[in-house]
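Numbering (the numbering used here), first residue to last: -2 to 243.
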């Protein structure tokens, strides 16, 4: 097998356990979990430059738990208290439940979809068409807004956090045979950390069409692409690929 060391561009779990480690042990491959990108929150001063007044809105849209963290962090910094009447629209139930970290869940108007995308919230948006919505996003958000536009909703995107490259230290090992990416920002970070990157025999794996598109536009060869009918997750795709080499 010509794959001996794999970098998975995700944070190492606090528990120290990961299905990627299990796959590594299964095939005798060293697996390193190390994110190529990291998230930084905007400061209150930076956010104020957007001229967005959070208190003007009657509903908040969350598509990630990270968005919830930075929304309430900025509210605290700017001494803004959410009224009991505020409505929260979350793309998944897990995101909605995460709100318990900051508010009394049972006493609030919280809605969540089942598709993981904005279209899953459409029934709730239609019932609350008069709401003035604030959508908390990152600086690299490229999610399709057609659902909101077609429903003629009054919404505003508010960038509250940014994705930046998690640069490699000069003495950090770079002898990887495979890189696994989960976002276009990860591809950008690879090229920043390796300005003269030559792929050669190095394998590239991407999860999601946007990540794959970014890799191809950068001139990279894709050896693994997920999800697919045969491999709905990156772990299953990696397992299948390593099995084919053994």
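For each residue, glycine too, the CB sits at the ideal point set by N, CA and C.
Outcome for residue i when other beta-carbon atoms lying within 10 angstroms are tallied against a minimum of 16
i: residue 242; result: exposed
i: residue 81; result: exposed
i: residue 181; result: buried
i: residue 160; result: buried
i: residue 240; result: exposed
i: residue 110; result: buried
i: residue 128; result: buried
i: residue 200; result: buried
i: residue 216; result: exposed
i: residue 21; result: buried
i: residue 183; result: buried
i: residue 90; result: exposed
i: residue 222; result: buried
Supposed contact pair residue j and residue i - C-beta distance, whole angstroms, cut 8 angstroms
i: residue 188; j: residue 176; result: 11 angstroms between Cβ atoms; not a contact.
i: residue 234; j: residue 225; result: 7 angstroms
i: residue 92; j: residue 44; result: That pair is no contact at about 21 angstroms.
i: residue 32; j: residue 163; result: 5 angstroms
i: residue 179; j: residue 205; result: 7 angstroms
i: residue 133; j: residue 64; result: 4 angstroms
i: residue 36; j: residue 158; result: 5 angstroms
i: residue 139; j: residue 207; result: 7 angstroms
i: residue 107; j: residue 85; result: 5 angstroms
For residue i, the three-state DSSP class (helix, strand or coil)
i: residue 5; result: strand
i: residue 144; result: helix
i: residue 194; result: coil
i: residue 209; result: helix
i: residue 153; result: strand
i: residue 68; result: helix
i: residue 21; result: helix
i: residue 222; result: strand
i: residue 240; result: helix
i: residue 227; result: coil
i: residue 11; result: coil
i: residue 235; result: helix
Cβ-Cβ distance between residue i and residue j below 8 angstroms
i: residue 17; j: residue 5; result: yes
i: residue 136; j: residue 156; result: yes
i: residue 148; j: residue 119; result: yes
i: residue 174; j: residue 3; result: yes
i: residue 38; j: residue 9; result: no
i: residue 117; j: residue 88; result: yes
i: residue 62; j: residue 99; result: no
i: residue 130; j: residue 54; result: yes
i: residue 30; j: residue 12; result: no
i: residue 41; j: residue 75; result: yes
i: residue 218; j: residue 195; result: no
i: residue 231; j: residue 202; result: yes
Residue i beta carbon near the ligand MN (any heavy atom closer than 7 angstroms)
i: residue 114; result: The model depicted lacks the ligand MN and carries no ligand whatsoever.
Any chain D beta carbon closer than 8 angstroms to residue i
i: residue 94; result: The chain labelled as chain D is not found in the depicted structure, where only one protein chain is given.
- [ ] With a floor of 4 residues, list each alpha helix (DSSP H) that falls wholly inside the segment 75 to 141, ordered by position along the chain.
- [x] 90 to 95 and 119 to 124
Task: Minimum length 3: unbroken beta strand (DSSP E) runs contained in the segment 159 to 190 - done: 175 to 178
- [ ] Only counting runs of 3 or more residues, tell me where the beta strand (DSSP E) segments fall wholly within the segment 34 to 58, in order along the chain.
- [x] 34 to 38
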